[in-house]
Structures are given as structure tokens and as C-alpha cells.
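One structure is given here, and the rest of the page talks about it.
There are 2 protein chains.
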Amino acid sequence: MGGGDVVVAVDVGGTGMKCALVGPDGATVHTERHPTDAGRGPAAVVDTILDVADGLAAKARADGRTPVALGIAVPGIVDEARGVAVWSANVGFRDVPLRDLAVTRLGLPTAIGHDVRAGGLAEARLGAGRGAGHVLFVAIGTGIAAAHVVDGSASVGAHGAAGEIGHILVRPGGPRCGCGRPGCLEAVASASAVGRRYAELAGTPATAADVAERAAAGEPLAAQVWTETVEALADGLASGQALFDVATIVVGGGLAQAGERLLGPLRAALHERMTFHREPRLVAAALGDEAGCLGAALLALDALGVPRSMETR
Amino acid sequence: MGGGDVVVAVDVGGTGMKCALVGPDGATVHTERHPTDAGRGPAAVVDTILDVADGLAAKARADGRTPVALGIAVPGIVDEARGVAVWSANVGFRDVPLRDLAVTRLGLPTAIGHDVRAGGLAEARLGAGRGAGHVLFVAIGTGIAAAHVVDGSASVGAHGAAGEIGHILVRPGGPRCGCGRPGCLEAVASASAVGRRYAELAGTPATAADVAERAAAGEPLAAQVWTETVEALADGLASGQALFDVATIVVGGGLAQAGERLLGPLRAALHERMTFHREPRLVAAALGDEAGCLGAALLALDALGVPRSMETR
Chain A
22 MGGGDVVVAV
32 DVGGTGMKCA
42 LVGPDGATVH
52 TERHPTDAGR
62 GPAAVVDTIL
72 DVADGLAAKA
82 RADGRTPVAL
92 GIAVPGIVDE
102 ARGVAVWSAN
112 VGFRDVPLRD
122 LAVTRLGLPT
132 AIGHDVRAGG
142 LAEARLGAGR
152 GAGHVLFVAI
162 GTGIAAAHVV
172 DGSASVGAHG
182 AAGEIGHILV
192 RPGGPRCGCG
202 RPGCLEAVAS
212 ASAVGRRYAE
222 LAGTPATAAD
232 VAERAAAGEP
242 LAAQVWTETV
252 EALADGLASG
262 QALFDVATIV
272 VGGGLAQAGE
282 RLLGPLRAAL
292 HERMTFHREP
302 RLVAAALGDE
312 AGCLGAALLA
322 LDALGVPRSM
332 ETR
Chain B
22 MGGGDVVVAV
32 DVGGTGMKCA
42 LVGPDGATVH
52 TERHPTDAGR
62 GPAAVVDTIL
72 DVADGLAAKA
82 RADGRTPVAL
92 GIAVPGIVDE
102 ARGVAVWSAN
112 VGFRDVPLRD
122 LAVTRLGLPT
132 AIGHDVRAGG
142 LAEARLGAGR
152 GAGHVLFVAI
162 GTGIAAAHVV
172 DGSASVGAHG
182 AAGEIGHILV
192 RPGGPRCGCG
202 RPGCLEAVAS
212 ASAVGRRYAE
222 LAGTPATAAD
232 VAERAAAGEP
242 LAAQVWTETV
252 EALADGLASG
262 QALFDVATIV
272 VGGGLAQAGE
282 RLLGPLRAAL
292 HERMTFHREP
302 RLVAAALGDE
312 AGCLGAALLA
322 LDALGVPRSM
332 ETR
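Read top to bottom, the protein sequences are chains A and B.
Heads up: take any position in the first sequence, counting from 1, add 21, and you land on our numbering.
Heads up: take any position in the second sequence, counting from 1, add 21, and you land on our numbering.
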């Protein structure tokens, strides 16, 4: 890649798209945000993605840069090898051949990736997991999902569904998960589950952030819910560590915004559970909600064969 | 490798060593078994491993073959990159630089691997997982451990400790595991746990094989223990599938000798737990107790850079 070359990166979420032009060193030179308006249906969303990507390529050219590839991160089940958005609950994708559609429209080499895996890639290579080699990125928000990144590549699985740590069993007979099974990690410890559990006990609605704050202020019900959450997360992360044996666990997503209120007790609870395991470093994500977009850019750079040593920021 | 070339393979267990000479196509041309006599201490065991390997190389030469590399599989924590047997409960290894010792003694390129990962490698490439691409091999015996094999390579982890599916939490507050924590899969569903649980309920000792047989014969206590075991294993495998998304799960080890008495109900229980997951094929291991030795041979072939397409048996 030349000095003026950039990749176009788009991270498609249920409510908004985070977009950027990114250089070969992983440095962002321009960002944009656009609404997804998922209610319009998947065909309209795909049109918007392509319009936005095309607009970003045009913006690059207007600024004297050369757009050389496109990376798109989407939620749900993603077949990265075929470039297909297989299934998504919140955007409504069903077997959308997004890569081919993008290549036809923009004429650029295009890579499609899963949003959490893209975020994990970015945290592992440019963010809080930098230099660790083996990283587990865990995004805790409305749901819980993970990306296992080894030497800068995220595990995809046989069908594009790897990393669903939100659906490992931690509380048999526990709260029913959106997936239909009881006791999944996500049903106990996602940001939505924390708010729901507190509302159930206190009889008054609250967000996970409220619960974190009230727990820190010593409110007993909030403290109880927070402790239950931390214990369930520690159980889930300990099971993940038994299987993956990573050097660093990076915690991101909305719940991670509680910072050390989450990470302090979670680190202690994880430490308690480490017996034969090698204890991983547990750190907060560093790239915030730009991780997915940066990861989409990395997928585009990887598709071009840009050496990773260029990631120097 | 030439037509008369073979690799020397040694699989070191707590009680015995399985040894073989293996051709570049994965075909075994000679096998031997030797006692490990772990009670003599790790130094004596290392001497025996090297004597046995040296003897196998001599046997190859006496038969007009050329030994070109050595593969050794050992239990415990294994640093495959450095060739070091880091830790083993039943053989007593503590940071044994086994690869360097073998290279010094035999003068052959040598690869060291973890026994379950080696077994998983063999099942994935030559056995029940052949052609699947993404395979989880789960060995259920005295303990429970797994190997995640993608495109013919087993995940090792950051510290050589990946795949410890026996220590994922399935029954919070359940039986205490050898690792010190309550409710690990291994504490509920290993062959030893099955025998122990039945003895506890029935007041009379029994092996896991006894329990399987009595459950099939309709004995209520045995049926109860068998069902508990299958449910716990299904919980563990479902959590594994959520994280790994494999195409095939291969079940091996002593408990798998129960055949369809285990696999039939386990397949049904796993099916029940698959919601968003792509359901993996669940099959019995095909290579029996030779899997680890064949895997050691594959590690040696990989170290030599022998193309995998030669595995044609």
C-alpha cells in the first residue's frame, strides 16, 4: 500500500453504523456515523451500507487518498469465507451475499466479518490485548459474545458461529435466556440481565450502570445483584480460560464502562477460580465503540495481504 | 520422505508407553508397548523414553527402514513450542526439556506434544473426525480433557494448557473436583466420577462400565447415575460448541467404550441444547488407545514438513 492509500471500514449495528477511512498502520484518518434504520428491512439496510461505503470511498478520493479495499462488520452469524451475512436478529439479514454485492457496487476487494470478532481483532492487535498473542475479547452489553484471537486472527468456527460465550451454561435451572435455554451466562450477567434482576428485586427499573453506581454507594440490593453478576461472569471466564488458555482477557461492551467497579471484583473472583489454569491478565477494552470499525479495517488490510508489522500506532 | 522412511512415535502414559514406527501416509508398520513405571521418578522415566525411542530407531534400521524424526506425546502441561514437559501429575515431570534431551540422544528432529492434543490430532486427521475441518476431540476417562483441532492443527494455548474441558463449570456447588473447585465437568461425568457416584448411592463399588451395563439392564440407580452423567456431559459439550462451533465432536477415552449406550442418549441430550448453535456430528473415536501414539507420529511428520495429503490410509 502506498502512503495515500486507505481502506474503507463500516461496522453495522442494530441502531447505527460506525464508519472510517483507515491507513495501513491502523490509524484512522476520517470517521462518520450513520443510522441503520433496521426497521426498513434488510434490503434497505444493505442499500444504505453500500451507499455509505461508496460515499466514504468518494470522500477519500476527494481528499487525495486512494481507497484500496473495503471491510464490513455485521452482527449475527457471518460466513467470513463466503462473505455472507447468514443470519442476524437485529438487522434481519438472511443469507445476504454482502461481499459480492459490495464488490459489484464499489469495485474494491471486500472482506466481511462478524462485529464482535472484528472488535476482538482490533483490541488484540491495536488495543488492550496488544502483544499478548492469545487474547479472549468479551463484549458484555445487551448480550454477551466473545472473540478468541490467536496471533492476530479470530477463530470463526465451522459455520461462522464461534465465540458465543454468552450461551455457555453457568446457572443450571437459572433465568431463561433469549436463546430458549435456562442459565446461560447472558441470561444472568449481560447488562440487560443486570437491570432486569435489580428491577425484579427492587420493584423499580434501573440500568446496569445505575446498579453499578448504587452498589458502589452501598445499597444492599444493588450490591447483591452486582456480586451475583460478577460471580457468574467469573464462572464463565474461568470456563473460557480452561478451554482457551489465553494470556489476556479484554472486557468490553456497555457493562465494561463500569471500569474498576466491574474489573476489580471480577479479577478477584477469577483469581479464586484459577487452580491448574494459568491466570490471564484481565483488562478493560481500550478502543471503545470504535473497535468493530477498526476491526473491519483490519479485515480489509488482511484481505490485501498488508503485513501486520505496519500496525504501529 | 522416501519410501523406506518412518517416524518414531512414543505416547507416554501414567502406566504404559505406546510406541510405533509410522510411515509418511500415517500407516503403522510396527508397534511396541512398554511399562512407564512412573513410581521410579521422572528422571528414570525420561531415561526409559529415550531408551525405547532409540530401540525403535534401531529396529527400523534393522528392518531396512530409515528413521527420520521422533514424536513424543506426554500428559500434563506441555510447552510444544519449546519442547518442554512443563508439569504432569501422573508422571511427575517438572520442566523437563524432553525435546533437547531426545535430539542429543537420537540425533533426530523431535516434536513434543500433549497426549490428548496428539490423540485429537490423530482422530481429526486419520480417525473419526476425518474431513471435518473443525473437530473437538473429548477424552473421557479418569479425567476429561479435549483437543480443539482446526484444519489439522490442535490449539495449544498461550501456556500449553488449552482444552481443559474437564474443568468447565457445569454443576455450581456440585462434587469437588481434583483441581479443588466444585462442580467441574470432570467431577461429575468422568469414568471415575460415575463409579464414585454409583458407589455412593448403591453402597457397593462399581466401575463406569458396570454402571453403563446395569443402566442398560434397567437397574434404577444405575439408570439415574447414567442419566446424570449424560446430562452433565451434554451441558459441557453444548458450552464447548457455543465457543468452538465445530463440525464434529469425537468422544474417546474409557467411557466411550460404552458405545451407543453413551452416544445415543448424549446425542439426544446435546440436540435438545442446540438453539442458535449449528449442531455438530457426535461420533465415537475410531483409533482406540493408539490415537495418542499416531498423533505423536503426526507431530513428527509435521515437524519435518511432510504434506498432509500423504495421509491416505
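Positions of the beta carbon are idealized from the N, C-alpha and C atoms, including for glycine.
Any beta-carbon of chain B closer than 8 Å to the one on residue i?
{"i": "A:R334", "result": "Low per-residue confidence applies at A:R334: pLDDT is 42, beneath 50, and the placement is therefore not dependable, though the value from the model is reported in the following sentence. So, not an interface residue."}
{"i": "A:G76", "result": "no"}
{"i": "A:L142", "result": "no"}
{"i": "A:G154", "result": "yes"}
{"i": "A:A81", "result": "no"}
{"i": "A:G178", "result": "yes"}
{"i": "A:D116", "result": "no"}
{"i": "A:D100", "result": "no"}
{"i": "A:A123", "result": "no"}
Using a C-beta cutoff of 8 Å, does residue i count as contacting chain A?
{"i": "B:T296", "result": "yes"}
{"i": "B:V31", "result": "no"}
{"i": "B:L320", "result": "no"}
{"i": "B:S174", "result": "no"}
{"i": "B:D58", "result": "no"}
{"i": "B:A145", "result": "no"}
{"i": "B:A168", "result": "no"}
{"i": "B:A182", "result": "yes"}
{"i": "B:I161", "result": "no"}
{"i": "B:A149", "result": "no"}
{"i": "B:R329", "result": "no"}
{"i": "B:G164", "result": "no"}
Alpha helix (DSSP H) containing residue i: first to last residue?
{"i": "A:R54", "result": "Counting along the chain, A:R54 falls outside any alpha helix (DSSP H), though it belongs to the beta strand (DSSP E) covering 49-56."}
{"i": "B:D26", "result": "Here B:D26 belongs to no alpha helix (DSSP H); instead the beta strand (DSSP E) covers 26-33."}
{"i": "B:A168", "result": "Here B:A168 belongs to no alpha helix (DSSP H); instead the beta strand (DSSP E) covers 165-171."}
{"i": "A:V137", "result": "136-146"}
{"i": "B:C314", "result": "312-325"}
{"i": "B:R217", "result": "212-223"}
{"i": "A:G230", "result": "Sequence inspection shows Ala at residue 230 of chain A; the Gly mentioned does not correspond to that position. Run containing A:A230: 229-237, per the alpha helix (DSSP H) assignment."}
{"i": "B:V246", "result": "241-265"}
What does DSSP give as the partner residues of residue i in its beta bridges?
{"i": "A:H292", "result": "In DSSP, A:H292 forms no bridge with anything."}
{"i": "A:L122", "result": "Answer is none; A:L122 lacks a bridge partner."}
{"i": "A:P193", "result": "A:P193 is not bridged to any residue."}
{"i": "A:T87", "result": "A:D26"}
{"i": "A:H298", "result": "Paired residues: none, contrary to the question."}
{"i": "A:V271", "result": "A:F158, A:V304"}
{"i": "B:G42", "result": "Here residue 42 of chain B is Leu; the residue named in the question, Gly, does not match the sequence. Answer is B:V29, B:H51, bridged to B:L42."}
{"i": "B:G92", "result": "B:A30, B:A132"}
{"i": "A:C205", "result": "A:L190"}
Looking at the secondary structure, which residues open and close the beta strand (DSSP E) in which residue i lies?
{"i": "B:I161", "result": "155-161"}
{"i": "A:D100", "result": "98-100"}
{"i": "A:L276", "result": "Note, A:L276: premise wrong, no beta strand (DSSP E); not H, not E."}
{"i": "A:A179", "result": "Element bounds for A:A179: n/a, residue is neither H nor E."}
{"i": "A:L106", "result": "The question names Leu, but residue 106 of chain A in the sequence shown is Ala. Note, A:A106: beta strand (DSSP E), 105-108."}
{"i": "A:R115", "result": "115-117"}
How would you list, in chain order, the residues of chain B whose beta-carbon sits under 8 Å from the beta-carbon of residue i?
{"i": "A:E185", "result": "A263, L264, D266, F297, H298"}
{"i": "A:D68", "result": "Chain B residues near A:D68: none, gap ~27 Å exceeds 8 Å."}
Which chain A residues are close to residue i, counting only those with a beta carbon under 7 Å from its beta carbon?
{"i": "B:V191", "result": "L190"}
{"i": "B:G201", "result": "T296"}
Cβ closer than 8 Å: which chain A residues qualify as neighbours of residue i?
{"i": "B:D26", "result": "By Cβ distance, chain A contributes nothing, its closest Cβ being about 31 Å from B:D26, past 8 Å."}
{"i": "B:D256", "result": "L190, P193"}
Please compile the residues from chain A whose C-beta is within a distance smaller than 9 Å of the C-beta of residue i.
{"i": "B:A259", "result": "H188, I189, L190, R202"}
For this session: Report yes or no: do the segment 142-151 of chain A and the segment 256-264 of chain A share at least 3 C-beta pairs separated by less than 8 Å?
Result: No, because fewer than three Cβ pairs between the segment 142-151 of chain A and the segment 256-264 of chain A fall closer than 8 Å, the two stretches do not touch.
Problem set entry | Segment contact flag, the segment 29-49 of chain B with the segment 91-101 of chain B, C-beta cutoff 8 Å, min 3 pairs | Yes: at least three Cβ pairs fall under 8 Å.
For this session: Determine contact between the segment 113-132 of chain A and the segment 312-328 of chain A, defined as no fewer than three beta-carbon pairs at a distance below 8 Å.
Result: yes
Exercise. Is the segment 181-196 of chain A close to the segment 229-245 of chain A, with three or more CB pairs under 8 Å?
Worked result: no
Exercise. Would you call the segment 70-81 of chain A and the segment 119-129 of chain A in contact, with 3 or more CB pairs under 8 Å?
Worked result: yes
Exercise. Between the segment 290-307 of chain A and the segment 50-60 of chain B, do three or more beta carbon pairs fall short of 8 Å?
Worked result: no
Problem set entry | Cβ contact (3+ pairs, closer than 8 Å) linking the segment 100-116 of chain B and the segment 40-47 of chain B | Result no; under three Cβ-Cβ pairs closer than 8 Å.
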